[in-house]
Each structure stands twice: as structure tokens, then as C-alpha cells.
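*Asks:*
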Amino acid sequence: MPQGQPTVVPDDGLTTRQRRNRALVMVHTGVGKGKSTAAFGMALRAWNQGWPIGVFQFVKSAKWRVGEENALRTLGETGKGGTVVWNKMGEGWSWIQRATAEGEPSHEEKAREGWEQVKRDLADERYRFYVLDEFAYLLHWGWIDTAEVIEVLRNRPGQQHVVITGRNAPAELVEFADLVTDMSKVKHPMDAGQKGQRGIEW
Numbered sequence: 392m393p394q395g396q397p398t399v400v401p402d403d404g405l406t407t408r409q410r411r412n413r414a415l416v417m418v419h420t421g422v423g424k425g426k427s428t429a430a431f432g433m434a435l436r437a438w439n440q441g442w443p444i445g446v447f448q449f450v451k452s453a454k455w456r457v458g459e460e461n462a463l464r465t466l467g468e469t470g471k472g473g474t475v476v477w478n479k480m481g482e483g484w485s486w487i488q489r490a491t492a493e494g495e496p497s498h499e500e501k502a503r504e505g506w507e508q509v510k511r512d513l514a515d516e517r518y519r520f521y522v523l524d525e526f527a528y529l530l531h532w533g534w535i536d537t538a539e540v541i542e543v544l545r546n547r548p549g550q551q552h553v554v555i556t557g558r559n560a561p562a563e564l565v566e567f568a569d570l571v572t573d574m575s576k577v578k579h580p581m582d583a584g585q586k587g588q589r590g591i592e593w
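The numbering of the sequence shown is my numbering, which starts it at 392 and goes up by one.
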């Protein structure tokens with residue numbers, strides 16, 4: 392099994408142990424399928440380590456119960472691994488921008504409220520592993536300032552790992568992050584007119 396041996400040893404004054412245990416910012420972006428799925432796979436590893444996990448979904452509708460949500464919530468309740476808290480931010484919004492009811496906060500305002508909650512949780516070191524699902528969209532649209540996000544993540548205390556998913560991750564975030572994966576698409580059933588199906592898309 393690969394042991395993750397680095398090809399370069401930087402002159403940063405850290406011991407091997409300190410460098411190995413440094414909290415990471417990870418980004419899964421690109422047009423291909425699997426960005427959120429990969430992040431939730433990492434959350435499973437975090438759960439197995441007994442780490443508290445905070446999931447923040449920023450784009451998918453609050454009514455959409457994805458399979459990973461059910462699985463991670465169930466695992467979190469077993470007491471055998473880490474706890475899992477699942478938050479849905481900007482509720483009621485899916486892939487198409489729909490108008491909010493009169494008098495209700497806009498989708499942008501709801502998303503901003505979600506980011507403010509993430510900031511509070513990071514300051515309080517509430518979780519060890521964060522999934523900010525579809526968060527890159529909000530930065531791309533300008534709903535949340537990328538420079539602010541980078542500054543908050545740079546100054547977060549303790550051992551808090553953060554993975555951000557979504558297409559069009561800003562170049563500044565990509566440059567800042569420790570691990571970036573760009574999911575490319577070679578083929579997809581939707582290209583042939585096939586809609587999403589149970590067990591594959593949700």
C-alpha cells in the first residue's frame with residue numbers, strides 16, 4: 392500500500408511529524424462527476440479516525456437527501472467513530488437559480504449566513520473535518536469574497552481540515568490550497584440523454 396512518501400522535503404523548520412500532521416485545505420473542482428463524492432469519501436476516513444465532522448451543503452436543495460447524508464448521519468449516531476453534523480445552507484436552491492418567496496432572504500443572503508456559521512465553527516474548533524460542499528460556486532459568483540475565505544482558512548486554529556467542492560474554483564483558492572483535484576469529464580450518460588438515477592447520482 393502506498394505510504395505517501397513526499398518527493399521534496401521543504402526547508403520550513405518543521406519536523407517530519409509536524410509537517411505530516413499539518414491541517415490541510417483541499418479543493419475538488421472541475422466539470423467531471425465525483426467532486427462531492429470524493430469529499431464524502433474523505434469524511435468516511437475522518438469518521439473512522441473518530442474526528443468530529445461538519446458537512447455544509449451550499450447549493451443542493453434541502454429536500455434532496457443524498458445517499459452520503461444518510462450514511463454519514465447513521466455512522467455518526469453509532470458512537471463507533473466521529474460525530475457528524477449535516478448543515479444545509481441556502482436551503483431550497485438547486486442547480487437552477489429560482490426566485491425566493493417575497494420577504495424571504497435571498498439565496499445569496501442564505502449562503503452568506505452559512506459562511507458566517509462556518510467561520511464561527513472554525514473559530515471555536517468545533518470540527519476536525521469540514522466538507523464545504525458546492526462552496527466554490529459561491530466564490531465564482533462573487534457571493535462570498537475569495538480573499539476573505541482564504542484569510543479565514545489561513546488563520547484557522549488547531550487541526551481543522553477543510554475540503555471545498557464545486558466547479559470553477561477561483562485561481563486564488565487553487566493557489567492557496569494544499570491539495571487540488573480537477574475532475575475532468577471524458578463521458579457521462581447525460582451526454583446521451585440519460586437522466587440521473589438512484590444509487591449513482593443520489
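A virtual CB, placed ideally from N, CA and C, is assigned to each residue, including glycine.
Say whether the region 527-547 touches the region 461-474, bearing in mind that this needs 3 or more beta-carbon pairs closer than 8 Å, one atom from each stretch.
*Replies:* no
*Asks:* Please specify which runs of the alpha helix (DSSP H), each continuous and at least 4 residues long, are wholly inside the region 433-475, giving them in chain order.
*Replies:* 458-469
*Asks:* Please list, in chain order, all residues of the same chain as residue 425 whose beta carbon is under 7 Å from its beta carbon, the five residues on each side excluded.
*Replies:* Counting only Cβ-Cβ distances below 7 Å, and skipping sequence neighbours, we find 574.
*Asks:* Use the C-beta contact count for residue 442: other C-beta atoms within 10 angstroms, 16 or more gives buried, fewer gives exposed.
*Replies:* So residue 442 ends up on the buried side.
*Asks:* Can you tell me where the beta strand (DSSP E) holding residue 579 begins and where it ends?
*Replies:* Unbroken run through residue 579: none, as it is neither H nor E.
*Asks:* Starting from the Cα of residue 500, find the closest Cα among 534, 526, 513 and give me that residue.
*Replies:* Between residue 500 and the set 534, 526, 513, the nearest pair of CA atoms involves 534.
*Asks:* Just checking, does the region 435-449 make contact with the region 501-516 on the three C-beta pairs under 8 Å criterion?
*Replies:* yes
*Asks:* What's the gap between the Cα of residue 476 and the Cα of residue 505?
*Replies:* 14 Å
*Asks:* With a Cβ-Cβ cutoff of 8 Å, do residue 419 and residue 434 count as a contact?
*Replies:* no
*Asks:* Count Cβ pairs between the region 547-559 and the region 516-536 that sit closer than 8 Å; are there 3 or more?
*Replies:* yes
*Asks:* Return the CA-CA distance between residue 400 and residue 407, expressed in angstroms with no decimal places.
*Replies:* 9 Å
*Asks:* Assuming residue 414 and residue 551 are in contact, meaning their beta carbons sit under 8 Å apart, how far apart are those beta carbons, in whole angstroms?
*Replies:* 5 Å
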